[in-house]
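The sequence shown begins at 406 in this note's numbering and counts up one residue at a time.
The structure under discussion appears below in the form of structure tokens.
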Amino acid sequence: MTRVLVVAAHPDDEVLGMGGTIAVHTSGGDALRVLVVTDGSSTQYPGDSATRARKEEEALGAAEELGVDDYVHLDLPDMRLDTLAHVEVNRVIEEHVREFAPQVVYTVQPDVNHDHRVLFDSVAVATRPTPGQPVRRLLTYAPTSSTEWTPAAVNWFVPNWYVDVTATLERKLAAFAHYETERREYPHPRSERAIRATAEFHGTSCGFELAEPFVLVRSLESS
């Protein structure tokens, strides 16, 4: 059994970026925690507690669909992580790395979304390969409707790690179906057809029928 921590800035990042892979881990018996660090709604819907509650319900439904029973949703300010001191965000991630002791950490790609960039920087700090560090592998995932919209000059998402999600893509689609507040019509990337097409494209890149792409940031191997 592998201990896996999936870190997301917003509810739906983890489903869009790696929902099929999450289902692979949970189906295989791994201990997996999803950590979402922002409230996910305060900037788009200021003062709207009903929408916040609805998005929370959507997120929990999606997690259940993927077999996730350890889902943590914090309340750092949505779309404003860059207004916090770097050390504050670091502290949140470090606490979960210390308490959960994951061997594998996935975090969101630092792309056009500033929350994603801030979060990546803090995960990089929390997973530094110091003596006693439990994290042996760090990867980034690419939420659709974010990473592919990033200008080429700042986007270094060049996948070098793929997961076969042929058996779990339907669970990913079922999980995203819970996010009624986030779904859009094709050809928007946050549509069922686009999500399926993305998995097909990455599958052709690596010889699988359907795949999710990642960047392997660091892997530590020992005898």
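We put the beta carbon where it would ideally sit given N, CA and C, even for glycine.
No experiment lies behind these values; they were computed from the predicted model shown.
- Less than 9 Å divides the Cβ of Ile498 from the Cβ of Ala531.
- Per DSSP, the beta-bridge partners of Asp569 are Ala616.
- For Val540, the three-state secondary structure derived from DSSP is coil.
- If the five residues before and after Asp435 are omitted, its C-beta is found closer than 8 Å to the C-beta atoms of Met406, Thr407, Arg408, Val409, all from its own chain and listed in chain order.
- The beta-carbon distance between Leu421 and Thr555, rounded to whole angstroms, is 14 Å. This is too long to meet the 8 Å contact definition.
- Between the C-alpha atoms of Thr552 and Ser628 there is a straight-line separation of about 36 Å.
- Nearest C-alpha to Asn565 among Val513, His607, Leu524, Asp418: His607.
- Taking a cut-off of 8 Å for Cβ pairs, the stretch 571-580 and the stretch 612-619 touch, as three or more such pairs fall below it.
- Fewer than three beta-carbon pairs drawn from the stretch 596-603 and the stretch 479-488 are found closer than 8 Å, and the two stretches are therefore not classed as touching.
- Counting C-beta atoms within 10 angstroms of its own C-beta, His415 has 16 or more neighbours from the protein chains shown and is therefore classed as buried.
- Using a C-beta cut-off of 8 Å, the stretch 530-545 makes contact with the stretch 505-514, since at least three inter-stretch Cβ pairs fall below that distance.
- Rounded to the nearest angstrom, the gap between the Cα atoms of Gln514 and Phe619 is 9 Å.
- Of the candidates Pro536, Leu524, Leu625, the residue whose Cα lies closest to the Cα of Leu486 is Leu524.
- Between the alpha carbons of Glu493 and Lys577 lies a distance of about 32 Å.
- A residue is called buried when at least 16 other Cβ atoms come within 10 angstroms of its Cβ; Leu437 meets this threshold and is buried.
- Only residues of its own chain outside the window of five on either side were considered, and among them Arg595, Ser596 have a CB closer than 6 Å to the CB of Arg589, listed in chain order.
- Bounds of the beta strand (DSSP E) holding His478 are 476-481.
- Distance between Met423 and Arg541, taken at the CA atoms: about 19 Å.
- Residue burial is scored here from C-beta neighbours: Asp516 has at least 16 other C-beta atoms within 10 angstroms and is therefore classed as buried.
- Ala428 and Val477 have their C-alpha atoms roughly 17 Å apart.
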